[in-house]
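See below for the structure under consideration.
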Amino acid sequence: MSNKVDKILTGIKPTGHPHIGNYAGMIKPTLDLIQNNACGKNYIFIANYHALNSTDTAVNIKEYTFEIAACFLAFGLDIKTTNFYRQSDVPEVFELSTILASATPKGLMNRAHAYKAAVDANMLKLNTDRDDGINMGLFTYPILMAADILLFNATIVPVGKDQIQHVEFARDIAGYFNRKYETDFFTLPTSSVQKSVETVIGLDGRKMSKSYDNTLSLFGDPKKNRKLINKIITDSKAPEELKDPDSSVIFQIYQSMAGAHEVELFRSRFETGGLGYGEAKQILADKFEETFHKPAQYYQEFMSDKGELESIMQEASRSVREEASDRIIQLRSIVGT
Ligand code: TRP
Numbered sequence: 003m004s005n006k007v008d009k010i011l012t013g014i015k016p017t018g019h020p021h022i023g024n025y026a027g028m029i030k031p032t033l034d035l036i037q038n039n040a041c042g043k044n045y046i047f048i049a050n051y052h053a054l055n056s057t058d059t060a061v062n063i064k065e066y067t068f069e070i071a072a073c074f075l076a077f078g079l080d081i082k083t084t085n086f087y088r089q090s091d092v093p094e095v096f097e098l099s100t101i102l103a104s105a106t107p108k109g110l111m112n113r114a115h116a117y118k119a120a121v122d123a124n125m126l127k128l129n130t131d132r133d134d135g136i137n138m139g140l141f142t143y144p145i146l147m148a149a150d151i152l153l154f155n156a157t158i159v160p161v162g163k164d165q166i167q168h169v170e171f172a173r174d175i176a177g178y179f180n181r182k183y184e185t186d187f188f189t190l191p192t193s194s195v196q197k198s199v200e201t202v203i204g205l206d207g208r209k210m211s212k213s214y215d216n217t218l219s220l221f222g223d224p225k226k227n228r229k230l231i232n233k234i235i236t237d238s239k240a241p242e243e244l245k246d247p248d249s250s251v252i253f254q255i256y257q258s259m260a261g262a263h264e265v266e267l268f269r270s271r272f273e274t275g276g277l278g279y280g281e282a283k284q285i286l287a288d289k290f291e292e293t294f295h296k297p298a299q300y301y302q303e304f305m306s307d308k309g310e311l312e313s314i315m316q317e318a319s320r321s322v323r324e325e326a327s328d329r330i331i332q333l334r335s336i337v338g339t
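Here's what the structure looks like:
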């Protein structure tokens, strides 16, 4: 990835308040990747149409969308150099999605993990249709995601492990289209999964997820977060005993915020003995506060004026929309519409 000019693109579904798992698993690695791709082009967008497939209310989806926008802005995302937009502000995505659907075999969608899991769950129930409760939005989710990616010919797509198949599908769909129309209009994208963040572990040792209520809210009450950190369950090793950093929730979360040198120090103190869990939790809580104290202030500022935030978002989507509309004009001439 080093010399060639990349187009990095990723999307976030607005399905909850931003928490440390989102930061470690997605926000931080994406901001780092983008920083290292100063010569290339970068796209970060809020996948609000993807969120329609979850069962949330309109009010929540709107609110979470603002929260994600405020969150990236609070972390200093430079919207002059990075394309930052809401999916709904670029309706060309939906036209492309329709075009791609006509080049996508249904069998490919049948093989999608999320759809298959829903069908498998139905099959275990008595007298239940295999597609019970499954909407077409869930079924065609990978096509919409392919449209997000292929509209801008993204080359690198940073995603969590559970999304790798979707990026592979986008590649497949690009290939089907290119062959059908004998063109090289779509570039084949590649996914990128950061090793250190394959799964973020939650406060209780399970996978971190808002549905387990085992997260730390990025911009919530600092006192509450300190309390939650203190309650992280550990084994009963004494301070001087040797500990395995890689199986420690405390270390995992610390790693997502601290610099390389600090992480090494923490690791070696755990490994050689001499760092007790009490002190480790305190180091973690201090780091958390140090990392999010300033961004939290910016975040509150952005969130306190939704009208202003709305116009920032609209303005930010403008140049990307021009690019999208150029691509659609070319595409229409390829498909004859
Ligand atoms: N499906 C992704 C998720 O659930 C979000 C997403 C939508 C996305 N479109 C995308 C990610 C395009 C990367 C590229 O996390």
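Quick note on this note's numbering: the sequence shown kicks off at 3 and runs consecutively.
Glycine included, each C-beta is placed from N, C-alpha and C at the ideal position.
In the structure shown, what three-state DSSP assignment does H19 receive? coil
Look up R88 in the DSSP assignment and say whether it is helix, strand or coil. strand
Let's test the definition: count the other Cβ atoms within 10 Å of the Cβ of M28 and tell me whether it reaches 16, buried, or not, exposed. buried
contact_flag[the segment 224–240, the segment 201–215] where n(CB pairs < 8 angstroms) is 3 or more: yes
Can you give, in chain order, each stretch of the alpha helix (DSSP H) that sits fully within the segment 178–258 and has at least 4 residues? Listed in chain order, the complete alpha helix (DSSP H) runs (minimum 4 residues) inside the segment 178–258 are 224–232, 251–257.
Nearest by alpha-carbon distance to T83: which of D133, R113, K9 is it? T83 has its Cα closest to that of K9, out of D133, R113, K9.
Is any heavy atom of ligand 1 found at a distance shorter than 8 angstroms from the C-beta of K15? True, at least one ligand heavy atom lies under 8 angstroms from that Cβ.
Once you ignore the five residues that flank T142 on each side, which residues in its own chain have a CB closer than 7 angstroms to its CB? Leaving aside the five residues that flank T142 on each side, the residues in its chain whose CB is nearer than 7 angstroms to its CB run, in chain order, A103, M111.
Minimum C-alpha distance to H115 - residue among N155, D134, H168: That would be H168, whose Cα lies nearest to the Cα of H115.
Is the beta carbon of M147 closer than 9 angstroms to that of H21? no
Does at least one heavy atom of ligand 1 sit under 8 angstroms from the Cβ of G23? No; taking the cut-off as 8 angstroms, the Cβ of G23 has no heavy atom of ligand 1 nearer than that.
For ligand 1, any of its heavy atoms closer than 8 angstroms to the Cβ of L33? no
Just list the alpha helix (DSSP H) runs in the segment 298–324, keeping only unbroken ones of 4 residues or longer that don't cross its boundaries, in chain order. 308–318
Cβ-heavy atom distance, V169 to ligand 2, below 8 angstroms: For ligand 2, the structure offers nothing, since it holds only ligand 1.
So, helix, strand or coil for L1, using DSSP? The chain is shown only over 3 to 339; residue 1 falls outside these bounds and no answer can be derived.
Does ligand 1 have a heavy atom nearer than 8 angstroms to the CB of H52? yes
Looking at the structure shown, is I70 part of a helix, part of a strand, or coil, going by DSSP? helix
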